[in-house]
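Asks: Residue numbers (this note's numbering): 1 to 395. The structure is given below, and queries will be raised subsequently.
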Amino acid sequence: MSQGLTRRRPGHSPAIPQTTAQLESPTLPGSSSPRPPSAPGASPNPNTQGRDGNEGHKIAYDPRDFENVDEKDQMPRLTLMEEVLLLGLKDKAGYLSFWNDNISYALRGCILIELALRGRIAMVRDPSRRRLALSDRLIEVIDDRQTGETLLDEALKMIKSSEKYGAGAWVDLMSGETWNVMKIGYQLKQVRERLAKGLVDKGILRTEKRNFLLFDMATHPIADMNAKDDVMRRVLSLLTARTAAIPAQALQKENVKYRYMRAVALVCAAYASSVLENALQRLSYDAREAAFGRCDDILAEFCTWPFGQTTSQSSGPVAIGSGSGRRREGGSGGAGRETVQELVREVRKEMAAASGAGQGGNAAGAGGGQEDQEELCFEVVATVFEIFGRMDSLL
Numbered sequence: 001m002s003q004g005l006t007r008r009r010p011g012h013s014p015a016i017p018q019t020t021a022q023l024e025s026p027t028l029p030g031s032s033s034p035r036p037p038s039a040p041g042a043s044p045n046p047n048t049q050g051r052d053g054n055e056g057h058k059i060a061y062d063p064r065d066f067e068n069v070d071e072k073d074q075m076p077r078l079t080l081m082e083e084v085l086l087l088g089l090k091d092k093a094g095y096l097s098f099w100n101d102n103i104s105y106a107l108r109g110c111i112l113i114e115l116a117l118r119g120r121i122a123m124v125r126d127p128s129r130r131r132l133a134l135s136d137r138l139i140e141v142i143d144d145r146q147t148g149e150t151l152l153d154e155a156l157k158m159i160k161s162s163e164k165y166g167a168g169a170w171v172d173l174m175s176g177e178t179w180n181v182m183k184i185g186y187q188l189k190q191v192r193e194r195l196a197k198g199l200v201d202k203g204i205l206r207t208e209k210r211n212f213l214l215f216d217m218a219t220h221p222i223a224d225m226n227a228k229d230d231v232m233r234r235v236l237s238l239l240t241a242r243t244a245a246i247p248a249q250a251l252q253k254e255n256v257k258y259r260y261m262r263a264v265a266l267v268c269a270a271y272a273s274s275v276l277e278n279a280l281q282r283l284s285y286d287a288r289e290a291a292f293g294r295c296d297d298i299l300a301e302f303c304t305w306p307f308g309q310t311t312s313q314s315s316g317p318v319a320i321g322s323g324s325g326r327r328r329e330g331g332s333g334g335a336g337r338e339t340v341q342e343l344v345r346e347v348r349k350e351m352a353a354a355s356g357a358g359q360g361g362n363a364a365g366a367g368g369g370q371e372d373q374e375e376l377c378f379e380v381v382a383t384v385f386e387i388f389g390r391m392d393s394l395l
């Protein structure tokens, strides 16, 4: 029985101990000699990309994972929608206020802002569009690469595969506010819950079950308070700064693209979502009113195109959709007004740097001429701000 299970080695052939390299790199059938191990520090064969080390085994990978390597270094950890949601969530209870019916609509606008800042969508390059209101100007997809964020990729695919609409129509369609039953499929469903689950995956929230009378509901208390504190600190620093210079605490990290524009987008989106007050709770009544007034001034400056038209209405084109008519009485004066003007200058610098114009604080789009693609992206952002300014919560 044992003879059938074992094979004896001939007596004239001594046993040769196999080395570790021979065990790890056995001779393949049909090959004349085993592959020699590579020397330490030797560069791999350039022709074996997509293969595993010395063995040459093929590795399956998605080439889309390498499309946005450089872009990810310039993007913040949290999207604009996630930051707004964090401001609205109750820290321990883990849910939004039941009386807040503005955040859902504003989050759809934040999706368009995020896509525009990532260079995925822009205004259609048509000179005749200037006769239309900002919200009626058509937008299009200029880069269909995936962003890695589920909601953004879903919205991007939907915008690309359908006919062209204006930003106002897209916000309405994604919110489900349409009487056309043929377009009800454009609605993005469960946006707040999907954003919360994304924050759970990032380790910022956790999921719990809470009982509300007769039913259970999943809640998402905050697990990492540092993330929310960072968002609140940036909002407070921008709206309570006492100098004309923008404090560094109000901005994202230096490697983030469009830091000043993202600071503006955060306070304006939080204002439209009715969650800005959560970041201003620790202020006194007068300081809180002054912060709201400054945010109103910021929104008024950036809801027109080109940006900053309310400070220079004596020259340049007439801005359609100005939000100056719904300002709070008095607004922000002194250092607050200088801070808003400094924001406009810094955003214009970012636009000039992105488009390669390099003309400092002058907006390239204000003087006419051939428009750059980056300007068309920023025009989408201005359009969403104009939509925010017309929301019932701010009128």
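Glycine is no exception: its CB is placed at the ideal position from the N, C-alpha and C atoms.
Grouping DSSP H, G and I as helix and E and B as strand, with all else coil, what is residue 347?
Replies: Along the sequence shown, one-based indexing puts residue 347 at 347. It is helical.
Asks: Please report the residue range of the alpha helix (DSSP H) in which residue 209 lies.
Replies: For this step, residue 209 is matched to residue 209 along the sequence shown. Counting along the chain, residue 209 falls outside any alpha helix (DSSP H), though it belongs to the beta strand (DSSP E) covering 208-212.
Asks: Helix or strand or just coil, what does DSSP make of residue 75?
Replies: Counting from one through the sequence shown, the residue named residue 75 turns up at place 75. In this structure, residue 75 counts as coil in the three-state DSSP scheme.
Asks: Enumerated in chain order, which unbroken segments of the alpha helix (DSSP H) with a length of 4 residues or greater are wholly contained in the region 118-195?
Replies: You should have 150-161, 167-175.
Asks: Am I right that residue 164 and residue 124 are in contact with their C-beta atoms under 8 Å? What's the rounded C-beta distance?
Replies: If you number the sequence shown from 1, residue 164 lands on position 164. If you number the sequence shown from 1, residue 124 lands on position 124. Between residue 124 and residue 164 the Cβ distance is about 6 Å, and since that is below 8 Å, they are a contact.
Asks: Please name the residue, chosen from 75, 180, 83, that lies closest to residue 268 on a Cα-to-Cα basis.
Replies: Reading the sequence shown from its first residue, position 268 is the one you call residue 268. Answer by Cα proximity: 83.
Asks: What distance in whole Å lies between the Cβ atoms of residue 279 and residue 236, which are believed to be in contact at a cut-off of 8 Å?
Replies: By one-based count along the sequence shown, residue 236 stands at place 236. By one-based count along the sequence shown, residue 279 stands at place 279. Residue 236 to residue 279, Cβ: 6 Å. Contact.
Asks: In or out: residue 113 buried (at least 16 other Cβ within 10 Å) or exposed?
Replies: Within the sequence shown, residue 113 is the residue found at index 113, counting from 1. Buried, since its Cβ has 16 or more Cβ neighbours within 10 Å.
Asks: Please name the residue in 141, 184, 146 whose C-alpha comes closest to that of residue 167.
Replies: By 1-based counting over the sequence shown, the position of residue 167 is 167. The residue with the shortest Cα to Cα distance from residue 167 is 141.
Asks: Do the CB positions of residue 152 and residue 96 come within less than 7 Å of each other?
Replies: Indexing the sequence shown from 1 puts residue 152 at position 152. Indexing the sequence shown from 1 puts residue 96 at position 96. Not in contact: residue 152 and residue 96 (Cβ atoms no closer than 7 Å).
Asks: Just tell me which of 189, 122, 78 has its CA closest to the CA of residue 108.
Replies: The residue given as residue 108 occupies position 108 in the sequence shown. Checked all of 189, 122, 78; the closest Cα to residue 108 is 189.
Asks: When the Cα of residue 76 is compared with those of 354, 256, 274, 308, which residue comes out closest?
Replies: The sequence position of residue 76 within the sequence shown is 76, counting from 1. The option with the nearest alpha carbon to residue 76 is 256.
Asks: Taking the straight line between their C-alpha atoms, what separation do you get for residue 343 and residue 81?
Replies: Counting from one through the sequence shown, the residue named residue 343 turns up at place 343. Counting from one through the sequence shown, the residue named residue 81 turns up at place 81. Cα to Cα, the separation comes out at about 22 Å.
Asks: Taking residue 388 as the reference, which of 172, 247, 207, 181 has the closest Cα?
Replies: Taking the sequence shown and counting its residues from 1, one reaches residue 388 at position 388. Of the listed residues, the one whose Cα sits closest to residue 388 is 172.
Asks: Helix, strand or coil for residue 378 per DSSP?
Replies: Translated into the one-based positions of the sequence shown, residue 378 becomes position 378. Three-state result, residue 378: helix.
Asks: Please return the same chain residues whose Cβ sits closer than 8 Å to the Cβ of residue 86, not counting the five positions on each side in sequence.
Replies: Reading the sequence shown from its first residue, position 86 is the one you call residue 86. Closer than 8 Å at the Cβ level, and outside the excluded window around residue 86, lie 78, 199, 204, 222, 227, 228, 231.
Asks: Between which two residues does the beta strand (DSSP E) harbouring residue 215 extend?
Replies: Along the sequence shown, one-based indexing puts residue 215 at 215. It spans 215-219 - the beta strand (DSSP E) in which residue 215 sits, taken as one unbroken run.
Asks: Please classify residue 131 as buried or exposed, where buried requires at least 16 other C-beta atoms within 10 Å of its C-beta.
Replies: For the purposes of this step, residue 131 is taken as residue 131 along the sequence shown, with counting starting at 1. Under this definition residue 131 is an exposed residue.
Asks: Closest to residue 135 by C-alpha separation, out of 304, 346, 186, would be which residue?
Replies: Numbered from 1 along the sequence shown, position 135 holds the residue referred to as residue 135. It is 304 whose Cα lies nearest to the Cα of residue 135.
Asks: According to the Cβ coordinates, are residue 284 and residue 100 closer than 7 Å?
Replies: Taking the sequence shown and counting its residues from 1, one reaches residue 284 at position 284. Taking the sequence shown and counting its residues from 1, one reaches residue 100 at position 100. No; because the gap between Cβ atoms is not below 7 Å, this pair is not in contact.
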